[in-house]
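Engineer: Note that the protein sequences, when read in sequence, are chains A and B.
The first sequence: position 329 = 329 (the numbering used here), numbered continuously.
The second sequence: position 153 = 1153 (the numbering used here), numbered continuously.
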Amino acid sequence: MRNHRRSVQLLAAGLALAGLLGACGSDDGDDADDGGGSATTTADAGGDAPATGEGIVLAVNPWTGSAVNANVAKVVLESLGTPVELLDIDENATWVGLDDGSIDAVLEVWPSGHAADYETYIAGKKSVVDLGLLGPSAKIGWYVPTFVVDEHPELATWEGFQDPELAALFATAESGELGQFLMGDPTYVTFDEQIIANLDLPLKYVVAGSEAALLTEIDKAIADQTPLLLQFWQPHWKQLEADLTEVTLPEVTDECLASAAAGDGLYACDYSVDELYKAASAGLEAKNATAFAVLSKLQLTTEQQSEIAGFVDRDGMSPLDAATQWVNANPDVVAAWTS
Amino acid sequence: MAVATASTATATAPTFGAAASRRWTTPTLVFVALVAIAVAVDPDVPDWLDVGLQTWVRDRYMWTVQNSNTSWLFTGVFNPLSDAIAWCVESVQWVLRGLRYPGVLALTGAIGWMTGGVRAAVSGVLAVLGVAVLGVWDPAMVTLSIMLTAVAIALLIGVPLGIWTARSDRAERVVRTFLDTAQVMPAFVYLIPVTIFFGIRYPPAVVATVVYAVPPAVRLTSLGLRQVPTVMNEVGESFGCTSWQQLVKVQLPMARRTLLLGLNQVIMMAFAIVVIASLLGADDLGNLVLKGLQKNDVGAAFVPGLAIVLLAVALDRITTGERSASSRPPLVRLPSVAWRTGALIGLGTVVVATLVAKVTDHTALPGALTVDISGSINDAVGWVQDNIRKDVPIIGGTESINDVLVADVLEPLREFLVWLPWLLIVVTTAIVAYLSKGWRLAAGCALCLAAIGTMGDIPGGEGGRTQLWDLAMDTLSQVLVAIVVSVAIALPLGIWAGRADRVQRVLRPFLDTAQVMPQFVYLIPVLFLFGAGRGAGVVASVIYAVPPCIRLTSLGLREVPIAPREAAISFGATRRQELVKVQLPLAFRAIMLGINQTILMVLATVIIAALVGAGALGLVAYEGFAKPIQKIGQSAAAGLSIVGLAIVLDRITQAWGTGPDRSRRE
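(1) Contact between the segment 139 to 151 of chain A and the segment 221 to 234 of chain A is defined here as three or more beta-carbon pairs at a separation below 8 Å; is this criterion met?
(2) Under 8 Å Cβ-Cβ, which residues of chain B neighbour Pro186 of chain A?
(3) Do you know whose CA, among B:Ile1569, B:Gly1299, B:Ala1255, lies nearest Ala1380 of chain B's CA?
(4) Of all the CB atoms in chain B, is at least one closer than 9 Å to the CB of Asn92 of chain A?
(5) Based on the DSSP secondary-structure assignment, which residues constitute the bridge partners of Phe181 of chain A?
(6) By a C-beta neighbour count over all protein chains shown, 10 Å radius and 16 as the cutoff for buried, is Gly46 of chain A buried or exposed?
(7) Got a sec: is the Cβ-Cβ distance from Thr324 of chain A to anything in chain B below 9 Å?
(8) Would you verify that the beta carbon of Arg1058 of chain B is, or is not, closer than 9 Å to some beta carbon of chain A?
(9) By alpha-carbon positions, which one of B:Ser1374, B:Met1254, B:Thr1221 ends up nearest to Gly1236 of chain B?
(10) In the DSSP assignment, what are the bridge partners of Phe232 of chain A?
(11) Figure out for me which residue from A:Trp158, A:Glu177, A:Thr157, A:Ala173 has the closest Cα to the Cα of Glu165 of chain A.
(12) Using a Cβ-Cβ cut-off of less than 8 Å, list which residues of the segment 246 to 270 of chain A approach chain C; keep chain order.
(13) Rank B:Ala1488, B:Ile1388, B:Ala1646, B:Met1455 by C-alpha distance to the C-alpha of Thr1055 of chain B and give the top, closest one.
(14) Helix, strand or coil: how does DSSP classify Phe292 of chain A here?
(15) In chain B, which residues lie with their C-beta within 7 Å of the C-beta of Leu171 of chain A?
(16) Helix, strand or coil for Arg314 of chain A? Go by DSSP, reduced to three states.
(17) Answer yes or no: do Ala1208 of chain B and Val1194 of chain B have a C-beta to C-beta separation smaller than 9 Å?
(18) What three-state label does DSSP hand Asp88 of chain A in the structure shown?
(19) Taking the alpha carbon of Ala280 of chain A as the point to measure from, which residue in A:Asp270, A:Leu295, A:Glu159, A:Cys269 has its own alpha carbon closest?
(20) Taking 8 Å as the cut-off, is the C-beta of Trp1137 of chain B nearer than that to any heavy atom in the ligand HEM?
(21) With respect to the beta strand (DSSP E) encompassing Asp274 of chain A, which residues constitute its N-terminal and C-terminal limits?
(22) Are the CB atoms of Leu1306 of chain B and Ala1038 of chain B within a distance shorter than 9 Å?
(23) Give the range of the alpha helix (DSSP H) segment to which Ala1497 of chain B is assigned.
(24) Opposite Gly1456 of chain B in the DSSP bridges: which residues?
(25) For Ile1373 of chain B, does the three-state DSSP call read helix, strand or coil?
(26) Does Pro1561 of chain B come out as helix, strand or coil in the three-state DSSP assignment?
(27) Per DSSP, which residues does Asp1284 of chain B bridge with? Please list them.
(28) For a test of the three-state rule: what should DSSP assign to Asp270 of chain A, helix, strand or coil?
(29) What residues from the segment 140 to 174 of chain A come within 7 Å of chain B, judged by C-beta to C-beta, listed N to C?
(30) Specify, as a first and last residue, the run of the alpha helix (DSSP H) that Ile1667 of chain B falls within.
(31) Which bits of chain A does Thr1195 of chain B rub up against, with CB to CB less than 7 Å?
(32) Which residues in chain B have a C-beta closer than 7 Å to the C-beta of Gly310 of chain A? List them in chain order.
(33) Would you identify the three-state DSSP class for Asp1297 of chain B, choosing helix, strand or coil?
(34) Have a look at A:Ala335, A:Pro250, A:Ile308, A:Lys74 and flag the residue whose alpha-carbon is nearest the alpha-carbon of Ala105 of chain A.
(35) Ignoring anything shorter than 4 residues or poking outside the segment 1230 to 1288 of chain B, list the alpha helix (DSSP H) runs there in chain order.
(36) What span of residues does the beta strand (DSSP E) with Ile1111 of chain B cover, start to end?
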């Protein structure tokens, strides 16, 4: 028993020693960062760049646009001496991080999905501040694969779906006799159930539950040439690769917006356009005024963002390389943010 | 038999047979009356039953949100706690990084060698080498550091609780409810609140993992100690052992095999949740899985998924040793001389390996030695998707299986359950519980189900509002089907594995993979094969629920002492008779525990099923994560409803395992 214990002590001591030997001065920096935000610990690396400002943390949410904006900001801020850590994190957890200051900013928020967060953290608690619009706008809508519209041009607008026979083309085991309307990730705002009920369409609202499920259903529909009706959005990398057509819904009216705000269940029109915005932790301005100023001014046009996203989604570049390339090619745009 | 039972039974135990007919009348009358009431009243859950739980939870949540930066609860308690956890994870990471891959490999080998001999060392080292070859070393070390911290904390909490519950039936009853809740309550319900309490990155990941990994530690510690034959305890007592000596010198060593299975399950559970933890900002393997998923790239998600499996396997093999034939000598008790030499040699190797790595400046395996298998995985998955989806002779293909499953099984069952008056379901369940065990269980089950009725309603569905009860019936229909399918697959395999070492060995890596491979990795193929919907949900649950049942069935058969089997054989029993008349009855309790775990696993994957289109309670629970401020209340209500269903199903099947007789400790 005693031998046993001593061996364990010996082992523990030895391990600590081995760890020390290996760890001392082993900060070879290079964490093989792909810029997609595998949490580059620039802050730990110590002595890589002339760090003049306090390092900041930018959230990267799981879509290309978010990675693009954050990497552009990283390239620009690091050239100004502020180390930037990119942190891959879910968009809802992002707000908790902004609130307690462990995340300094997020550069692409889709307002439709985060109205309650805006209300709570920005307008109410004031622990998060609105950094203004990012520039690009986004839109949620109803989509079908284009071959569906080619075969049945009526289905390009919502009226086409009033015909039970046409709607039944979209029937699945889950929807039975009715046509299936597929909704994806519940994080996104959804009025689809109300739209279907209020426009009296012979459709059944089915929740696929995740973006992955939507993408897989799109792949399958295109591979089999079977009809599919789903909630999808622009910009999305899948739009480059899959030929989808947006179904025209009734135009957005004031009544419609009022009903959305009141939550009375009477929503019966298209989704309104999402003007993407930026948000920062309330402590950022005091922590690093340069970063705060640059991030406030940072704006991309829809074209610019899609151009960089294209480098990533189409050409397979890492978001960091894509951002670096774009920043180097557009010094005048960047200069407007840093002046 | 019936007569004997009737003469000794207490009034609470129901009995069957002529002698007990008088005792039959009262319960029968009560139940007839209850059924009559249940059918007579409103078949739907009345609105006044809503106890306002949703509002209550949401109010608490909003308080937390408003005060998270100011209240002493956070600045004084949770923030320091969170810092401590982060420090642990970062320290482990620092050591692992310092050791570099040769050091980690050597360390794996050394520990494996000391606990399980050459075989454990080799399998451990191979598994870790596999991680390096996959080219994901750095994120793998982050995952490992989170897991080691979480497993250690889970054991620190779980083993003492297990010892306590083994010694007190009452403690076990109370603790069990919490364990079931921890295991079944979907992590998505509390993930955002945990993030508010513990911040982002590692600490909430560790906390979520611990919640999930503690239950098997408690359960199997308790099971192991309870399985120690009374004779052995008496021997200990007669030699004058104190209670502590009894525990340390008799019970724990006797229960070693079950305790090791417990450790195995703790590790497997911990790794199974690693992806969910990465949603909160950990730069680990789970993050890579999510990135693959984001691009719908199965191969890219599979590689880190496989690395997670390999890490879990390595950790399992070197900590539990290579358990196999019962003839093997005790694992950790090598002669002390060998121990010390072993420790020295192991230590020497680790130091040398680390130094060599440092001098030659190797942090991760050189790129030339890594292999990217994502392309071939995509090809393989593509082939499967193209070839078993449709036009398969006889069975038709996964799509037609899905259509039959949804249209002819799940939907009719759901409609039937929703159509049934809700009180009738409560009463019927109570009757079943009474017949299985007694009044106490009947009351408990009725309360659990009725509680689902008090959860209120949520927006959506026909008429604008849907009672959580109806969603619970939807979930129940899916869960029942998944359980039946899982048990039908797992029992035969488990019996086979329990009787043939070779089968056990072949199955083991598959079981490890099915249990640890992040479900997110196989969701895409499952979706492609079955389409978004309840069919895909059932399949995803089955894949996850089968392994523990196989393991426990097999373990149960192997734990049957050799003596009764030899006796049976000497009396001329055939192999079949030996199985049916000796092994199965003696392994009954372990098998029932296996079925139990299957039920809990199926309920634990309700939320994963929702991510592939199963809807119902899982979806509502998930929405608490997706839109916490608006939906945390209904998410908690859905989570609790899932727990309610789990407890009812668990307790009733558990009662079938132990029978109406309450004397569970021989």
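Cβ atoms here follow ideal geometry from the backbone N, Cα and C, with glycine treated the same way.
Structural biologist: Quick answer:
(1) Because the criterion of three Cβ pairs below 8 Å is met, the segment 139 to 151 of chain A and the segment 221 to 234 of chain A touch.
(2) Here the neighbours are Leu1619, Tyr1622, Glu1623, Ala1626, Lys1627.
(3) Taking Ala1380 of chain B as reference, the option from B:Ile1569, B:Gly1299, B:Ala1255 with the minimal CA-CA separation is B:Gly1299.
(4) Yes, Asn92 of chain A lies at the interface with chain B (some Cβ there is under 9 Å from its Cβ).
(5) As DSSP reads the structure, Phe181 of chain A sits in a beta bridge with A:Tyr205.
(6) The pLDDT assigned to Gly46 of chain A is 38, lower than 50, so where the model puts this residue is not dependable, and the model offers no usable value.
(7) No - not a single Cβ of chain B is within 9 Å of the one on Thr324 of chain A.
(8) So, not an interface residue.
(9) Here the closest residue by C-alpha is B:Met1254.
(10) DSSP links Phe232 of chain A through a beta bridge to A:Gly141.
(11) The closest CA to that of Glu165 of chain A, considering only A:Trp158, A:Glu177, A:Thr157, A:Ala173, is found on A:Glu177.
(12) In the structure shown, chain C cannot be found, because the protein chains are A and B.
(13) Per the Cα distances, B:Met1455.
(14) The answer is helix: DSSP assigns Phe292 of chain A an H, G or I state.
(15) Note that residue 171 of chain A is Ala in the sequence shown here, rather than Leu. Within 7 Å Cβ-Cβ: nothing; Ala171 of chain A doesn't reach chain B, min ~11 Å.
(16) Shown here, Arg314 of chain A sits in coil according to DSSP, grouped into three states, outside any helix or strand.
(17) Yes, the pair counts as a contact, with Cβ atoms nearer than the cut-off.
(18) Three-state DSSP puts Asp88 of chain A in a strand.
(19) Of the candidates A:Asp270, A:Leu295, A:Glu159, A:Cys269, the one whose C-alpha sits nearest the C-alpha of Ala280 of chain A is A:Leu295.
(20) Inclusion of the ligand HEM in the displayed structure is not the case, the ligand content being empty and no account of it being possible.
(21) First-last of the beta strand (DSSP E) with Asp274 of chain A: 274 to 281.
(22) With respect to Leu1306 of chain B, Ala1038 of chain B sits apart: the two C-beta atoms are not nearer than 9 Å.
(23) 1468 to 1499 is the extent of the alpha helix (DSSP H) around Ala1497 of chain B.
(24) Note: Gly1456 of chain B sits in no beta bridge, so no partner.
(25) Ile1373 of chain B falls in the coil class under three-state DSSP.
(26) Correct three-state label for Pro1561 of chain B: coil.
(27) Asp1284 of chain B pairs with nothing; no bridge assigned.
(28) Assignment of Asp270 of chain A by DSSP, reduced to helix, strand and coil, places it in the coil class.
(29) Within the segment 140 to 174 of chain A, the residues whose Cβ lies closer than 7 Å to some Cβ of chain B are Thr172, Ala173, Glu174, listed in chain order.
(30) With chain B covering 1001 to 1666 only, the question about residue 1667 of chain B has no answer from this structure.
(31) Simply Ala93, Val96.
(32) Correct list: empty, because the minimum Cβ distance to chain B is about 15 Å.
(33) In the three-state DSSP reduction, Asp1297 of chain B falls in the coil class, being neither helix nor strand.
(34) Closest by alpha carbon: A:Lys74.
(35) If only complete runs of 4 or more residues are kept, the segment 1230 to 1288 of chain B shows the alpha helix (DSSP H) at 1230 to 1238, 1256 to 1272, 1274 to 1278, in order along the chain.
(36) Residue range 1079 to 1133 is occupied by the alpha helix (DSSP H) that includes Ile1111 of chain B, with no beta strand (DSSP E) assigned at that position.
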